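J.:
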Amino acid sequence: MRADIYLLYLLLRLLALLPLRALHGAGALIGRLMLWRGARAADVTAVNLAVTRPGLSAEARRTLLRGAMVEAGKSVTEIIKVWGSGATRALGLVREVRGGELFDAALAAGKGVIVAAPHLGCWELLNYWLCSRTPMAILYRPPRIAAVEQLLRKVRGALAPEQVRAEGAGVRTLYKRLATGGAVGILPDQKPRAGEGQVAPFFGRDALTMVLLPRLAARTGATVLFAFAERLPRGKGFRIHLLPAPAGLDDADLGVACAALNRGVEDCVERAFTQYQWQYKRYSADGLVSPYDGPGRIAVD
Numbered sequence: 014m015r016a017d018i019y020l021l022y023l024l025l026r027l028l029a030l031l032p033l034r035a036l037h038g039a040g041a042l043i044g045r046l047m048l049w050r051g052a053r054a055a056d057v058t059a060v061n062l063a064v065t066r067p068g069l070s071a072e073a074r075r076t077l078l079r080g081a082m083v084e085a086g087k088s089v090t091e092i093i094k095v096w097g098s099g100a101t102r103a104l105g106l107v108r109e110v111r112g113g114e115l116f117d118a119a120l121a122a123g124k125g126v127i128v129a130a131p132h133l134g135c136w137e138l139l140n141y142w143l144c145s146r147t148p149m150a151i152l153y154r155p156p157r158i159a160a161v162e163q164l165l166r167k168v169r170g171a172l173a174p175e176q177v178r179a180e181g182a183g184v185r186t187l188y189k190r191l192a193t194g195g196a197v198g199i200l201p202d203q204k205p206r207a208g209e210g211q212v213a214p215f216f217g218r219d220a221l222t223m224v225l226l227p228r229l230a231a232r233t234g235a236t237v238l239f240a241f242a243e244r245l246p247r248g249k250g251f252r253i254h255l256l257p258a259p260a261g262l263d264d265a266d267l268g269v270a271c272a273a274l275n276r277g278v279e280d281c282v283e284r285a286f287t288q289y290q291w292q293y294k295r296y297s298a299d300g301l302v303s304p305y306d307g308p309g310r311i312a313v314d
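Structure (structure tokens):
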């Protein structure tokens with residue numbers, strides 16, 4: 014491990030001694046400062062909330078925006094606790110699991126399990142929980158700083174998933190895992206590259222949507238479950254949710270399947286709306302009118 018990455022690891026270990034409530038308090042402050050300073054992330058969030066909650070009054074949407082930015086800040090600082098504590102100790106932050114029987118039943122069926130984990134709540138802690146139950150392979154994009162992978166391997170320890178790159182060989186690995194009854198994890202709301210997705214509605218507006226997950230489900234017959242780790246108030250910990258996939262996700266018609274995939278993400282988001290990563294430009298793609306810039310920009314006031 015590089016010296017600077019190791020020093021970062023030691024700093025994480027030290028800061029992880031702080032209570033989660035204190036770290037969340039610091040994160041909330043960061044979120045409020047980003048909103049006050051008019052950060053780009055706050056601007057994108059405001060547009061996304063205008064798209065997904067068009068019926069709200071301006072005052073109600075501002076309240077929702079404040080809540081979303083506070084949760085965004087918490088998502089940054091809580092990773093100190095999750096990484097710095099070590100995977101096994103971090104699992105002690107899980108206070109409740111809802112739908113765990115769905116995961117157990119899917120594993121027992123032996124047909125493979127696809128866990129669709131949106132950018133909602135604390136997905137790193139969700140990874141720990143899943144890997145504590147069964148070996149996992151997760152589809153990912155390598156970090157921009159390669160040395161960060163060394164840090165991830167160190168903090169995850171024995172609960173590290175097999176990381177599979179989103180490319181030909183990696184996709185074949187996912188198929189092999191599922192064919193033997195294994196489990197894989199995919200971020201279902203990851204925007205695909207140009208030419209690799211399908212347009213489907215997401216909270217009432219077209220968004221470029223991945224086709225890989227529906228194709229995996231259709232070709233393998235694996236069970237698809239949606240999952241996320243909800244952040245509890247006042248630093249009390251996290252609640253794991255597992256939900257069944259909407260009907261049609263494995264449909265041969267990719268338009269139908271991707272619409273079902275987005276409904277599954279929506280079902281999760283509605284359970285912890287402000288904890289979604291609303292800073293992500295989900296509605297921008299070639300061929301779509303972007304609500305973030307130019308003539309298609311959505312009014313947020």
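Using my numbering, the first residue of the sequence shown is number 14, and each one after it goes up by one.
We treat Cβ as the ideally placed atom computed from N, Cα and C, and that holds for glycine.
These numbers come from a predicted model, not from an experiment.
DSSP state of A119, grouped into three classes?
T.: Sequence index remark: in the sequence shown, residue 119 carries index 106 (1-based). In the structure shown, A119 sits in a helix (DSSP, three-state: H, G or I).
J.: Would you report the Cα separation of A54 and L139, rounded to the nearest angstrom?
T.: The count along the sequence shown starts at 1 and reaches residue 54 at position 41. The count along the sequence shown starts at 1 and reaches residue 139 at position 126. Cα to Cα, the separation comes out at about 24 Å.
J.: Taking Cβ positions, are P205 and D263 nearer each other than 8 Å?
T.: As a first step, residue 205 is located in the sequence shown; it is residue number 192 there, counting from the start. As a first step, residue 263 is located in the sequence shown; it is residue number 250 there, counting from the start. Against a cut-off of 8 Å, the Cβ pair of D263 and P205 comes out as no contact.
J.: Between N275 and P214, what straight-line distance do the alpha-carbon atoms span, to the nearest angstrom?
T.: The count along the sequence shown starts at 1 and reaches residue 275 at position 262. The count along the sequence shown starts at 1 and reaches residue 214 at position 201. Whole-angstrom Cα-Cα distance: 7 Å.
J.: Express the C-alpha separation of L187 and L255 in angstroms, rounding to a whole number.
T.: One-based indexing of the sequence shown puts residue 255 at position 242. One-based indexing of the sequence shown puts residue 187 at position 174. Going by the C-alpha atoms only, they are around 21 Å apart.
J.: Could you check whether the Cβ of L274 sits closer than 7 Å to any heavy atom belonging to the ligand PLP?
T.: In terms of ligand content, the structure shown is empty, and the ligand PLP therefore cannot be addressed.
J.: Give me the residue from R45, A160, V128 with the minimum Cα distance to R146.
T.: The residue you call residue 146 lines up with position 133 of the sequence shown. Closest option to R146, Cα to Cα, is V128.
J.: Checking 8 Å against the spacing of the C-beta atoms, do G51 and M82 come in under that value?
T.: The sequence position of residue 51 within the sequence shown is 38, counting from 1. The sequence position of residue 82 within the sequence shown is 69, counting from 1. Against a cut-off of 8 Å, the Cβ pair of M82 and G51 comes out as no contact.
J.: Quick one, which of Y153, R169, A298 has its alpha-carbon nearest D219's?
T.: For this step, residue 219 is matched to residue 206 along the sequence shown. For D219, the nearest C-alpha among the options comes from A298.
J.: How would you label V161, buried or exposed, when you count the other beta carbons within 10 angstroms and need 16 or more for buried?
T.: Counted from its first residue, the sequence shown places residue 161 at position 148. Label assigned to V161: exposed.
J.: Can you find the residues in the same chain that come closer than 8 Å, C-beta to C-beta, to L78, ignoring five residues on each side of it along the sequence?
T.: Position 65 of the sequence shown, counted from the first residue, corresponds to residue 78. Excluding sequence neighbours, L78 sits near L48, A55, T58, A59, L62.
J.: DSSP three-state call for Y305: helix, strand or coil?
T.: Indexing the sequence shown from 1 puts residue 305 at position 292. Three-state DSSP puts Y305 in coil, outside helix and strand.
J.: According to DSSP, is Q292 helix, strand or coil?
T.: Working through the sequence shown from its first residue, we reach residue 292 at position 279. Note: Q292 maps to coil in three-state DSSP.
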